[in-house]
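One structure below.
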Amino acid sequence: MEQQVLEKYIESGKIAKEVVEWSKNLIRPDAKILDVVETIEGRIKEKNAQIAFPVNISINSIAAHSTPAWNDVSVIGESVVKIDIGVAVEGYIADIAYTVDLTGKYAKMLDANKAALENALKILKPNLKISEIGKVIEETIKSYGYKPIENLTGHQIAQYVLHAGLSIPNVHINSNQTLTEDMVIAIEPFVTNGIGTVIETNKCEIYSLMQIKPVRMTEERNLLKDIEARKSMPFAKRWFSRTIKETNLNLILQDMVNRNIIRKHRMFREKSDGIVSQFEHTVIITKDGAVITTL
Ligand code: CO
8 MEQQVLEKYI ESGKIAKEVV EWSKNLIRPD AKILDVVETI EGRIKEKNAQ
58 IAFPVNISIN SIAAHSTPAW NDVSVIGESV VKIDIGVAVE GYIADIAYTV
108 DLTGKYAKML DANKAALENA LKILKPNLKI SEIGKVIEET IKSYGYKPIE
158 NLTGHQIAQY VLHAGLSIPN VHINSNQTLT EDMVIAIEPF VTNGIGTVIE
208 TNKCEIYSLM QIKPVRMTEE RNLLKDIEAR KSMPFAKRWF SRTIKETNLN
258 LILQDMVNRN IIRKHRMFRE KSDGIVSQFE HTVIITKDGA VITTL
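The sequence shown: position 169 = 176 (the numbering used here), numbered continuously.
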């Protein structure tokens, strides 16, 4: 990997880690969800980094792709809270997530999740089969009496691309795909006391660009310009709710979805309403192992 590129990945990882540590104080039962995400996103901007994707905050059986609407008034409550943060420096992304158990009932589940992530990180090196990563994660989680979410995966990362190519399984799958030197990947096991599957809900607050096409309305053109600057890094609907009226924004987004300009990232929920936890780190595969950028 080019030295310059490596430095950007290390820098975004460092910022992401700092933001994570700083954000842990914000996660309290009486905290408003919207305040928490906006405060964290503000912190990323203060550090002159890019928000690689809207801060995700997923409560209890909500597993992923969850960020509040601009007018959300809900509080965190006594729940199991996942915070997933993406930071980019010149498009070089660090993706990191952690879980806080405010119920006091799921310490063992979080232990299982941390152990699964640690065990996976330990074995990373070039030529390792991704099936081995899934195997280690699944075995670790099951040894604690829980289940991994089988249809959520880690992922390869590239400049401005959050999900590039390879998916990193959280269960033992049949695959001959392997890691290679210089690959950047996010490892993110999800643990549940439910059946271990997520389903898509109808709720959607996150979108990303697919392809640029001409649009007519001024508001739509301006929105597209803002999105374009982010390349394919996801954005939140609420980011535009202060400048575009709700009814217009809904029409614009729907039009862009219909024309395959943008795609929806709908919220995922555990199918059996099980409680879900998540821990994640980003790593660069090196000649003889791996460097964790977010540690
Ligand atoms: Co990720």
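Every residue gets a Cβ at the ideal spot worked out from N, C-alpha and C, and that includes glycine.
- The residue among V191, V178, S68 with its C-alpha nearest the C-alpha of G98 is V191.
- The C-alpha of A76 lies about 15 Å from the C-alpha of F60.
- Using a cutoff of 7 Å, the CB of D102 counts as near the ligand CO, since one of the ligand's heavy atoms is closer than that.
- The alpha helix (DSSP H) runs lying completely inside the region 189–262 and spanning 4 residues or more are 225–236, given in chain order.
- DSSP places T74 outside any beta strand (DSSP E), giving it a letter other than H or E.
- In this structure, the alpha-carbon of E277 lies about 11 Å from that of S284.
- The beta carbon of A23 lies closer than 7 Å to those of I92, V94, A101, I103, T301 in the same chain, with the five residues before and after it left out.
- Using a Cβ-Cβ distance cut-off of 8 Å, the region 177–188 and the region 129–148 are in contact, since at least three pairs of beta carbons, one from each stretch, lie closer than that value.
- Considering only V107, I137, I144, the residue with the shortest C-alpha distance to A122 is I144.
- Put simply, the region 194–210 does not touch the region 220–227. Fewer than three CB pairs are less than 8 Å apart.
- The DSSP-derived three-state label of K136 is strand.
- The criterion of a C-beta distance shorter than 8 Å is not satisfied by V87 and E18.
- By the CB criterion at 8 Å, A119 and T147 fall inside the cutoff.
- Shown here, I90 sits in a strand according to DSSP, grouped into three states.
- Separation of D42 and S65 (C-alpha to C-alpha, rounded to the nearest whole angstrom) is 14 Å.
- Not a single heavy atom of the ligand CO lies less than 7 Å from the C-beta of H72.
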